[in-house]
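Visitor:
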Amino acid sequence: MTRQHPIASIVVPAYNAATTIRETLVSLMEQSFTDLEILVVDDGSSDSTAEIVKRCPDPRVRLISQPNRGLAGAHNTGIALAKGKYIGFCDADDLWLPEKLELHIRHLEQNLDVGISFSGSSLIDRRGEPVGINQTPKLSNITAADVFCRNPIGNGSAAVLRAEALKGFGYRPAGETERDWWFDENFRQSDDIEGWLRFILTQDWKIEGIPGHLTLYRIHVGALSANVERQFQTWCAMRDKIARIAPDLVARHGNRAEAYQLRYLARRCVSMRQGRKALSFALRALKASPRPFFEEPVKSTVTLAAAALMALAGDGVYGHLESRLLGNSNA
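Numbering-wise, my numbering comes out as the position in the sequence shown, counting from 1, plus 4.
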């Protein structure tokens, strides 16, 4: 029988995740820290995601079904219903190592000024096999500029939050009658960066990481929406919203952040075998700001060279580039 007030809640946003949700739940049920609940927010799936979750025998697993509201909406619903003192996020196709939750809770209990704890990740493929690439972000002295330009949290399955730190973070937009928003549901991409930026800009809580690659982050080559230009426009809308909150931040770091975002989209275009688009985004990144070439010269040079090679040579070179271009960080 699950406790009425578990210490930790893990929110699992799920949309048409029937092929991976079972494996994700197993990794969460096998956490070494056991006083937890697992909230699977089925975000309007049309496959058997909900049925698979319902068949889970562990009483700590709860299914919440809602019409599709997007990833931000699924996170918001999960946060609103979470009972734990600590709240973690794990996407329905990713995995947690058994010690992840325990280590984050220990970190938060020992550092009372930290509101968000995160860790690095190891990348896995569609079959759950490691691809040999890690996300190894900056862990300490995280600033708003770090979040804006490089988002050290990295992916949606890396963070564990202190529920108390969410009290000053949520808001109730006009027309919302069900619950608060912590992440802006108007953004179907960049909602995480927008949320983390608001978190660090409007509160005194720290964002801090712990060593290790405690999340297994699944890469779906070709799964990204083909309309990368629309994704960039969404990122620009996010930037403009942040500019109203922190104009000095955007004035000082906006071009650099834009360059990193464009480089990220160039790399995604390569993964989708769209060489001409990849080259276009890589050149736009260089035009926006040269700083990524000075700060991360190898990654930036490889991205530009690979995009140019694919644009000139076609898809035949893709197999030799894919693993290198997935990169060791989020952008």
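The beta-carbon is built from N, C-alpha and C at its ideal position, and this holds for glycine as well.
Suppose the cutoff is 7 Å on Cβ atoms and the five residues either side in sequence are ignored; what does the same chain contact list for asparagine 20 look like?
Guide: In the sequence shown, the residue the question calls residue 20 occupies position 16. So the list reads Ser49, Ser50, Asp51, Thr53, once near-sequence residues are dropped.
Visitor: Select from Val15, Gln278, Glu55, Ile146 the residue whose C-alpha is nearest the C-alpha of leucine 313.
Guide: As a position in the sequence shown, residue 313 is number 309, starting the count at 1. The candidate whose alpha carbon is nearest that of leucine 313 is Gln278.
Visitor: Excluding the 5 residues flanking lysine 210 on each side, which residues of the same chain have their C-beta closer than 6 Å to its C-beta?
Guide: Here residue 210 refers to the residue found at position 206 when the sequence shown is read from its first residue. Closer than 6 Å at the Cβ level, and outside the excluded window around lysine 210, lie Asp117, Val118.
Visitor: Smallest Cα separation from aspartate 195: which of Val151, Arg256, Val306, Gly124?
Guide: As a first step, residue 195 is located in the sequence shown; it is residue number 191 there, counting from the start. Selected option, being the one with the closest Cα: Val151.
Visitor: Residue range of the alpha helix (DSSP H) that glycine 258 falls in?
Guide: Residue numbering aside, residue 258 sits at position 254 when the sequence shown is read from its first letter. Segment 251-275, the alpha helix (DSSP H) holding glycine 258.
Visitor: Residue range of the beta strand (DSSP E) that phenylalanine 122 falls in?
Guide: By 1-based counting over the sequence shown, the position of residue 122 is 118. Element bounds for phenylalanine 122: 118-128.
Visitor: With a 10 Å radius around its C-beta and 16 neighbouring C-beta atoms as the bar for buried, classify glycine 136 as buried or exposed.
Guide: Here residue 136 corresponds to residue number 132 of the sequence shown, with the count starting at 1. Exposed: under 16 other Cβ atoms inside 10 Å.
Visitor: Taking the straight line between their C-alpha atoms, what separation do you get for alanine 149 and isoleucine 204?
Guide: Taking the first residue of the sequence shown as position 1, residue 149 is located at position 145. Taking the first residue of the sequence shown as position 1, residue 204 is located at position 200. If you take the alpha carbons of alanine 149 and isoleucine 204, they lie about 10 Å apart.
Visitor: Taking C-alpha atoms, which residue in Val232, Glu233, Asn231, Ala261 lies nearest to aspartate 244?
Guide: On the sequence shown, position 240 is the one that residue 244 refers to. The option with the nearest alpha carbon to aspartate 244 is Ala261.
Visitor: Is DSSP giving glutamate 212 helix, strand or coil here?
Guide: Numbered from 1 along the sequence shown, position 208 holds the residue referred to as residue 212. If DSSP states are grouped into helix, strand and coil, glutamate 212 belongs with the strands.
Visitor: Nearest-angstrom Cα distance between histidine 9 and cysteine 60?
Guide: Locating residue 9 in the sequence shown gives position 5, counting from the first residue. Locating residue 60 in the sequence shown gives position 56, counting from the first residue. Near 20 Å, if we compare the C-alpha coordinates of cysteine 60 and histidine 9.
Visitor: Are the beta-carbon atoms of isoleucine 350 and proline 156 separated by less than 8 Å?
Guide: No answer is possible for residue 350: the residues shown for the chain start at 5 and end at 335.
Visitor: Check whether the Cβ atoms of asparagine 80 and arginine 183 lie closer than 8 Å to each other.
Guide: Taking the first residue of the sequence shown as 1, we reach residue 80 at position 76. Taking the first residue of the sequence shown as 1, we reach residue 183 at position 179. Yes. Within cutoff.
Visitor: Alpha carbon to alpha carbon, how far is asparagine 190 from arginine 176?
Guide: Mapped onto the sequence shown, residue 190 falls at position 186. Mapped onto the sequence shown, residue 176 falls at position 172. Their Cα atoms are separated by approximately 13 Å.
Visitor: According to the Cβ coordinates, are alanine 282 and cysteine 273 closer than 8 Å?
Guide: Here residue 282 refers to the residue found at position 278 of the sequence shown. Here residue 273 refers to the residue found at position 269 of the sequence shown. Between alanine 282 and cysteine 273, the CB-CB gap stays under 8 Å.
Visitor: For phenylalanine 203, name the three-state secondary structure that DSSP assigns.
Guide: The count along the sequence shown starts at 1 and reaches residue 203 at position 199. In this structure, phenylalanine 203 counts as helix in the three-state DSSP scheme.
Visitor: Could you give the DSSP three-state label for proline 296: helix, strand or coil?
Guide: On the sequence shown, position 292 is the one that residue 296 refers to. Proline 296: helix per DSSP, three-state reduction.
Visitor: Go ahead and pull the three-state DSSP assignment for asparagine 138.
Guide: Taking the first residue of the sequence shown as position 1, residue 138 is located at position 134. Of the three classes helix, strand and coil, the one that applies to asparagine 138 here is strand, per DSSP.
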